[in-house]
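I have placed the structure first, in the form of structure tokens, so that the comments after it can refer back to it.
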Amino acid sequence: MEMTDKARFLGEEKISKLMLKFSLPCVLSLLVSALYNIVDQIFIGNSELSTLGNAATGVVFPLFIIAQAFAWWFGDGCAAYLNICQGKCDADNAHKSIGSGITLTFISSVILMAVFYPLKYPVLTLFGASENSMAMAVEYFDIILAFFPLYMLSNMMNGVIRADGSPAWSMTSMLAGAIINIILDPLFIFAFKWGMSGAAAATVIGQTASFIISAVYFSRSKTFKLTLKSLIPDFGAAEGAVKLGASSFVTQMAIVVIAVLSNVMLSKYGAASHYGADIPIAVISIESKVFTVVINLVVGIVLGCQPVIGYNIGAGNRERVKKLYAGILACTLIISLTATIIFELAPRAVVGIFGTPTNIPNPDDYWVFAEKTFRIFLSLVSFTCFIKMSSIFFQAAGMPVRAVVASMIRDIVCFVPLIIILPSYFGIDGILYASPISDAVSMIVALALTLSFFKKVFTKEKS
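Using the numbering used here, the first residue of the sequence shown is number 54, and each one after it goes up by one.
And the structure:
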């Protein structure tokens with residue numbers, strides 16, 4: 054009954070107020086999460102580490118995404134399952150699934166550490182590290198990997214905290230970590246001269262603070278209560294959460310595949326071009342961080358609304374689900390079209406935030422490739438945003454198959470083959486054109502899935 058009382062407002066409060074209450078803190082939380090890597094890259098790019106330092110963080114970046122893939126798999130799955138349990142007044146399965154999710158996240162983090170530490174040189178080579186950037190990449194990699202359990206648990210817990218009706222607490226957790234990182238980065242990099250180790254140390258100290266704040270919340274949660282017994286994996290209760298979180302895992306791992314494959318192809322075809330191997334990887338590293346900011350704005354809105362979507366799906370309030378989707382779509386279009394205008398008209402201004410190249414032979418080539426990358430690679434970023442929004446919406450609505458299809462069609466089915474095939478005909482420019490072509494094809498599929506979903510909603514409502 055306690056769960057019903059605390060969650061009932063999700064089915065009664067005005068949609069616009071719910072979106073503001075839940076989405077704003079979630080957007081801020083995800084933007085802060087993106088800042089962890091961006092802040093490092095800005096300070097590194099403006100230090101003596103410069104372009105090679107940025108290339109080093111770029112090849113370590115897939116490691117963060119792999120960690121998030123597992124953390125968000127269990128975290129987003131538990132969050133969506135919790136909200137559906139709220140709509141069904143099922144408190145027992147809620148706490149069992151969340152406790153199981155925490156345990157599975159911790160086990161995953163230990164396994165990743167055990168795999169990556171002994172294989173760091175081949176892994177970083179696979180991620181695109183060159184002879185020039187390998188030493189910096191290893192220096193950064195060693196420290197980041199040591200704190201994987203805290204980083205992954207913090208990410209997992211934040212999704213559940215938002216779903217429990219406390220988005221402000223989730224935002225505070227992420228914001229505290231980012232502020233600490235921002236304060237310590239210039240201190241460790243410029244004052245103490247710790248280089249890549251300083252950037253990594255600032256990041257993990259911030260991550261530790263975020264974990265502590267998130268962990269404290271679980272002693273005062275609203276709609277579920279955890280005990281030590283909850284942490285024993287209950288595969289019956291966890292099954293629903295694991296299925297619902299599958300699209301988050303697929304989405305993040307697809308990003309890893311894209312990042313690794315892009316770095317490999319950029320290194321190969323960059324070396325064969327007048328740009329060299331390091332410039333393309335450094336630029337794409339910046340592009341991926343900037344793109345993360347844009348996509349996190351969209352993802353934050355729909356993820357923030359996940360409790361409202363899940364509750365109303367569970368309670369059968371279809372009209373509210375349709376109104377909520379319309380609001381999410383409007384916000385997505387505004388954000389993505391604004392980003393497109395900026396990337397097309399002022400790419401140099403965006404890239405300039407990350408410093409001026411000083412330790413490469415031809416700095417002019419850096420700026421030429423940077424402008425070309427933002428104008429071509431991100432030309433259809435509005436389509437990408439709609440595809441990601443659709444995937445998370447289907448996840449929140451309890452439709453994991455649609456969520457996975459929407460997620461995979463762009464990244465795996467389209468982008469991966471294109472980035473392998475096109476460069477053999479068009480050189481390094483073929484890598485850049487693989488992105489908008491993938492967006493165009495995937496947009497058609499995502500739109501078809503969405504229209505099909507709402508056709509079913511209308512049919513059920515009439516019945």
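All residues carry an ideal CB built from backbone N, CA and C; glycine is no exception.
Status (buried if at least 16 other CB within 10 Å, exposed otherwise) for residue i
{"i": "F468", "result": "buried"}
{"i": "P78", "result": "buried"}
{"i": "M54", "result": "Confidence at M54 is low in this model, with a pLDDT of 39, below 50, so its placement is unreliable and no value can be given for it."}
{"i": "P175", "result": "exposed"}
{"i": "D331", "result": "buried"}
{"i": "L228", "result": "buried"}
{"i": "H327", "result": "exposed"}
{"i": "F75", "result": "buried"}
{"i": "I236", "result": "exposed"}
{"i": "L81", "result": "buried"}
{"i": "K149", "result": "buried"}
{"i": "M56", "result": "At M56 the pLDDT is 47, less than 50, meaning the model places this residue with poor confidence; the figure from the coordinates comes in the next sentence. So M56 counts as buried."}
{"i": "A190", "result": "buried"}
{"i": "S477", "result": "exposed"}
{"i": "G289", "result": "exposed"}
{"i": "I394", "result": "exposed"}
{"i": "L184", "result": "In the sequence as presented, Leu is not what sits at residue 184; that position holds Glu. It is exposed - the Cβ of E184 has fewer than 16 other Cβ atoms within 10 Å."}
{"i": "S341", "result": "buried"}
{"i": "P333", "result": "buried"}
{"i": "E65", "result": "exposed"}
{"i": "S272", "result": "exposed"}
{"i": "N234", "result": "buried"}
{"i": "I97", "result": "buried"}
{"i": "V92", "result": "buried"}
{"i": "D417", "result": "exposed"}
{"i": "P171", "result": "exposed"}
Proximity below 8 angstroms, CB of residue i to CB of residue j
{"i": "S100", "j": "F243", "result": "yes"}
{"i": "L471", "j": "I440", "result": "no"}
{"i": "I68", "j": "R373", "result": "yes"}
{"i": "I155", "j": "M209", "result": "yes"}
{"i": "F201", "j": "K375", "result": "no"}
{"i": "L206", "j": "F344", "result": "no"}
{"i": "F422", "j": "V351", "result": "no"}
{"i": "F264", "j": "A252", "result": "no"}
{"i": "S283", "j": "W126", "result": "no"}
{"i": "L10", "j": "F62", "result": "The structure shown does not extend to residue 10, since the chain is modelled only from 54 to 516, so the question has no answer here."}
{"i": "S186", "j": "P410", "result": "no"}
{"i": "Q359", "j": "A188", "result": "no"}
{"i": "M461", "j": "A299", "result": "no"}
{"i": "V309", "j": "I160", "result": "no"}
{"i": "S444", "j": "T304", "result": "yes"}
{"i": "I294", "j": "F114", "result": "Residue identity differs from the one stated: residue 294 is Ala in this sequence, not Ile. Going by C-beta atoms, A294 is not nearer than 8 angstroms to F114."}
{"i": "G181", "j": "S320", "result": "yes"}
{"i": "I137", "j": "F407", "result": "no"}
{"i": "G451", "j": "I366", "result": "yes"}
{"i": "V112", "j": "L177", "result": "yes"}
Integer-rounded CB distance, given that residue j should sit under 8 angstroms from residue i
{"i": "W222", "j": "I214", "result": "5 angstroms"}
{"i": "I362", "j": "F446", "result": "7 angstroms"}
{"i": "L135", "j": "A147", "result": "5 angstroms"}
{"i": "A493", "j": "V434", "result": "Wrong, their Cβ atoms sit about 12 angstroms apart, outside the cutoff."}
{"i": "A449", "j": "A133", "result": "6 angstroms"}
{"i": "G230", "j": "A262", "result": "5 angstroms"}
{"i": "T110", "j": "S338", "result": "6 angstroms"}
{"i": "F169", "j": "L203", "result": "Not really, about 16 angstroms apart at Cβ, beyond 8 angstroms."}
{"i": "S495", "j": "R455", "result": "About 14 angstroms; that fails the 8 angstroms criterion."}
{"i": "G152", "j": "L297", "result": "The pair is not a contact, with the Cβ atoms about 16 angstroms apart (cut-off 8 angstroms)."}
{"i": "I429", "j": "L485", "result": "4 angstroms"}
{"i": "G323", "j": "I481", "result": "6 angstroms"}
Host alpha helix (DSSP H) of residue i (start-end)
{"i": "W222", "result": "220-239"}
{"i": "L319", "result": "299-324"}
{"i": "K425", "result": "416-430"}
{"i": "R215", "result": "201-216"}
{"i": "P410", "result": "Element bounds for P410: n/a, residue is neither H nor E."}
{"i": "I242", "result": "First-last for I242: undefined, no H or E at that position."}
{"i": "I258", "result": "248-270"}
{"i": "A402", "result": "400-405"}
Test: residue i CB closer than 8 angstroms to a CB of chain B
{"i": "K508", "result": "Absence of chain B from the displayed structure is noted, only one protein chain being present."}
Contact test: residue i Cβ vs the ligand FMN heavy atom, cutoff 7 angstroms
{"i": "L500", "result": "The ligand FMN is not part of this structure, which contains no ligands at all."}
Which parts of the region 445-484 are runs of the alpha helix (DSSP H), unbroken and 4 residues or longer, counting only runs that do not cross its ends? 453-461, 469-474, 476-479
Alpha helix (DSSP H) runs contained entirely in the region 329-386, provided each spans 4 or more residues: 331-357, 359-368
In the region 158-194, which residue ranges form an unbroken beta strand (DSSP E) of at least 3 residues, counting only runs that do not cross its ends? none
In chain order, which continuous runs of the alpha helix (DSSP H) of length 4 or greater are located wholly inside the region 54-124? 55-60, 68-98
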